[in-house]
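> Shown below is the structure under consideration.
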Amino acid sequence: MEQLQTRILIKHIEGAEIAYLYNRESFDLLNIKREDWDKSQFMQAGTTLEYNGTKYIVESVNFKMEPELYEAFNDVGINMYSPTDSMPHNCQIGVFVKNA
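For the sequence shown, this note's numbering begins at 27 and goes up steadily by one.
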């Protein structure tokens, strides 16, 4: 059975793509508060995150599987550390934000 290979798309509600995240290190760049009891992090409606010195508030989150993402290694997507290198994924979590 195929495992999920997820990317996180952070997109402004007005349309601009802000970032694609593929690993823990890139997620940590968002400066999302860690929970005291288990050090986990949540990204949900109302969460404040920061990227490139700009603060955003999460408006909504969705999960997407679409035909071109079904294959885990189809070279769809980009890496925020190296935009010219594609990264494998077969599903996407969309995080839609507005300016804080």
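In this text, a Cβ means the ideal position worked out from N, Cα and C, and glycines have one as well.
All values derive from a computational prediction rather than experimental measurement.
Along the chain, where does the beta strand (DSSP E) that runs through Phe-89 open and close?
Taking the first residue of the sequence shown as position 1, residue 89 is located at position 63. From DSSP, the beta strand (DSSP E) with Phe-89 extends over 80 to 90.
> Can you look up Phe-53 in the DSSP assignment and give me helix, strand or coil?
For this step, residue 53 is matched to residue 27 along the sequence shown. Of the three classes helix, strand and coil, the one that applies to Phe-53 here is helix, per DSSP.
> Rounded to a whole number of angstroms, what is the C-alpha to C-alpha distance between Asn-125 and Lys-81?
On the sequence shown, position 99 is the one that residue 125 refers to. On the sequence shown, position 55 is the one that residue 81 refers to. Approximately 6 Å between the Cα atoms of the pair.
> Out of curiosity, what's the CA-to-CA distance linking Glu-43 and Val-123?
In the sequence shown, counting from the first residue as 1, residue 43 sits at position 17. In the sequence shown, counting from the first residue as 1, residue 123 sits at position 97. Rounded to whole angstroms, Glu-43 to Val-123 spans 10 Å at the Cα level.
> Does the distance from the CB of Ile-34 to the CB of Leu-47 come in under 9 Å?
Start at 1 with the first residue of the sequence shown, and residue 34 comes out as number 8. Start at 1 with the first residue of the sequence shown, and residue 47 comes out as number 21. Closer than 9 Å, so yes.
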